[in-house]
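Notes follow the structure.
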Amino acid sequence: MRAMRGADLDAAVGLQLELARWNQQFGGRVPRPSTEANSRRILGARLAWPTSSWTWVAEVAGAVTGLVVVTPTERADRVAASVAAGPVAYVGCLVVGAGHRGDGVGAALVATAHDALDAAGVGVTLLHYYAMNPLSAPFRHRCGYRPLWTEWSRRPAGMR
Ligand SMILES: CC(C)(COP(=O)(O)OP(=O)(O)OC[C@H]1O[C@@H](n2cnc3c(N)ncnc32)[C@H](O)[C@@H]1OP(=O)(O)O)[C@@H](O)C(=O)NCCC(=O)NCCS
-6 MRAMRGADLD AAVGLQLELA RWNQQFGGRV PRPSTEANSR RILGARLAWP TSSWTWVAEV
54 AGAVTGLVVV TPTERADRVA ASVAAGPVAY VGCLVVGAGH RGDGVGAALV ATAHDALDAA
114 GVGVTLLHYY AMNPLSAPFR HRCGYRPLWT EWSRRPAGMR
């Protein structure tokens, strides 16, 4: 597990697209033609953050196989209003490539991110996951997270 580098950008964008396609099964929006470029721009901008990009990758046999992206406290004000405690950070993305799941990579990424969050004095770590995603609930609970809010929504048929 290590901080994302510039050379990881293609792989990291690929993993974010893989996550977006995966999430479509559970109500996630269909990736747009602009999704890839936006992912590259947003992840690329993080590489210029002064102290840390708050973005870590897992490397297995020289290939990037997992990604976790965290929003630090100073940028997490929108979601921080969901809880009374703090300081709050937000896990915006966690994905392990399909061929590498179930091998402990996701748990190791979460542990790496939480080491940094602990060092930064973060008191509450929030995230969203799709309740219908069969991988999310077991994984998140196993990592020690617990649900705070359950939201249901529906879109008109055909609205992508
Ligand atoms: C969710 C995800 C990140 C987990 O990463 P992973 O590397 O596969 O998970 P790990 O091997 O580290 O598993 C950690 C724990 O999660 C649970 N878990 C993982 N996969 C599971 C599965 N298929 N069924 C049930 N529990 C599972 C287990 O409790 C496991 O711990 P244990 O083996 O000690 O019991 C990965 O499956 C993934 O990228 N899924 C697709 C994208 C996605 O759903 N992202 C949303 C994350 S909320």
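If you read the sequence shown in our numbering, its first letter stands for residue -6, the second for the next number, and so on. Cβ coordinates follow ideal geometry from the N, Cα and C atoms, glycine included.
(message) Classify residue 152: buried if its beta carbon has 16 or more other beta carbons within 10 angstroms, exposed otherwise.
(response) exposed
(request) Work out the CA separation of residue 87 and residue 48 for me, nearest whole Å. (result) 10 Å
(request) Under the assumption that residue 1 contacts residue 50 (Cβ atoms under 8 Å), give the Cβ distance between them as a whole number of angstroms. (result) 5 Å
(message) Within a Cβ cutoff of 7 Å, which residues of the same chain sit near residue -6, ignoring the five residues on either side of it in sequence?
(response) Once the five neighbours on either side are set aside, the close Cβ partners of residue -6 are 49, 51, 101, 102 and 105.
(message) Alpha carbons only, please: which of 32, 22 and 75 is nearest the one belonging to residue 149?
(response) Considering only alpha carbons, the answer is 22.
(request) Please say whether residue 126 and residue 42 have beta carbons closer to each other than 9 Å? (result) If you check the CB distance, residue 42 and residue 126 do not come in under 9 Å.
(request) Would you identify the three-state DSSP class for residue -5, choosing helix, strand or coil? (result) strand
(message) Using 8 Å for Cβ pairs, my map puts residue 76 next to residue 115. What's the rounded Cβ distance?
(response) Contact flag wrong, Cβ pair sits at about 12 Å.
(request) Determine, using beta carbons only, whether residue 40 and residue 46 come nearer to each other than 9 Å. (result) yes
(request) With a cut-off of 8 Å on the beta carbons, I'd call residue 98 and residue 58 a contact; round off their distance for me. (result) 6 Å
(request) Sort 85, 25 and 54 by Cα distance to residue 65 and report the nearest one. (result) 85
(request) Have a look at 80, 61 and 60 and flag the residue whose alpha-carbon is nearest the alpha-carbon of residue 67. (result) 80
(request) Pull up the distance between the alpha-carbon of residue 17 and that of residue -3, whole angstroms please. (result) 26 Å
(message) In this structure, how does DSSP classify residue 119 when only helix, strand and coil are distinguished?
(response) DSSP places residue 119 in the strand class (E or B) of the three-state scheme.
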